[in-house]
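Residue numbers (this note's numbering): 56 to 242. Let me begin by presenting the structure, written as structure tokens, before commenting on it.
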């Protein structure tokens, strides 16, 4: 199928303006690029991503608060929250998406984004052994295990979680104001 050069130039802005290489390299793949869907994110999708991140970082903040509250509790094991991307954004996952999208249908991959809370794992570090023979949790030798929580580490993690929460709250507020402006323009 013949393609006009002027329709192809805007699709490939990184190539230098030279019609001869473009004529020789025109194939069905570059033609399909012209028909690709644009990856647009709606305002509701950005609000949804922000609200999911608010939930995840709120849970993360709760876990760090529980860790700090139990810093002096014997036998308490520190919990570490696990957050993951909602889609596979690893190099392998992105290459598989590109293989299916770009080379199959000619569209660029569109990853929705977002974060998912996947529970928490226990910190493998062992707390200090303290000799306390009268304690109800003491073992046969009279030792108890102190909590393995480092209050400074959990406080720093809680501050990071709070800042991530605030950033996502700002994202939701900006998206809401954009929606309000769009409705105002439409009047």
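Even glycine gets a Cβ: it sits at the ideal position worked out from N, Cα and C. In this text, all values refer to a predicted model and were calculated from it rather than measured experimentally.
Counting along the chain, residue 177 sits inside no alpha helix (DSSP H); it lies in the beta strand (DSSP E) bounded by residues 170-177. Distance from the CA of residue 196 to the CA of residue 186, rounded to the nearest whole angstrom, comes to 8 Å. Taken through DSSP and simplified to helix, strand or coil, residue 132 comes out as coil. Taking residue 109 as the centre and dropping the five residues before and after it, the same chain places the C-beta of 220, 223, 224, 227 closer than 8 Å to its C-beta, in chain order. Look at residue 140 here: in three-state DSSP terms it is strand. Rounded to whole angstroms, residue 138 and residue 124 show a C-alpha spacing of 22 Å.
In this structure, DSSP gives residue 115 a helical state, which the three-state scheme calls helix.
Between the region 176-186 and the region 103-121, the count of C-beta pairs closer than 8 Å stays below three; the two stretches do not touch.
In terms of Cα proximity to residue 178, the closest of 170, 210, 234, 131 is 131.
Closest option to residue 181, judged by alpha-carbon separation, among 203, 210, 208: 203. The C-beta of residue 122 has 16 or more other C-beta atoms within 10 Å across all chains shown, which makes the residue buried.
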